[in-house]
Amino acid sequence: MLRIVSGVFIVLHGLVHMWYFTLSRRWVEFRPEMGWNGRSWLFSALLGDAVTRALASVFYALAALGLLVSGIALIASAAWWRVVGMVSAVLSGLVIMVFWDGDTRRIVEKGLIGLFINAAIVVVLAVAG
């Protein structure tokens, strides 16, 4: 039962990344309470907002896909789910950090909880693995 609940949690965590993908693609009109505004403290000044959002789209989608695959593999008892889960959680954490806009207002909506979840996944997998 714990395996299934954990797998579903990882799948849901992956699906949350699709919200940031949606924001990066500008498929919805941005409002401050939605979270990430499409800017990055690291990339926006160097590459501009459009390129930053395009990069964010790719990396948020990759993180989402990796977490989805990892969660499904865990539910299916595939032995390789840990490797995919570890890589995906690290990627997700890096994506959240480099595409953060640098503003601490509404930091929870900008991925702070996701960053903690990724850290917990990495720690659990490192200790349990």
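Per this note's numbering: the sequence shown = residues 20 to 148. Idealized CB from N, CA, C, for every residue including glycine.
- DSSP places Ser96 in the coil class of the three-state scheme, outside both helix and strand.
- For Glu128, same chain residues with a beta-carbon under 8 angstroms away, outside a window of 5 residues either side, are Glu52, Met53, Gly54 and Trp55 in chain order.
- The segment 112 to 125 makes contact with the segment 73 to 83: 3 or more CB pairs, one atom from each, lie closer than 8 angstroms.
- In the structure shown, Gly121 adopts coil according to DSSP, grouped into three states.
- Between the segment 90 to 98 and the segment 27 to 47, the count of C-beta pairs closer than 8 angstroms reaches three or more; the two stretches touch.
- Residue state for Met37 is assigned as helix, using DSSP reduced to three classes.
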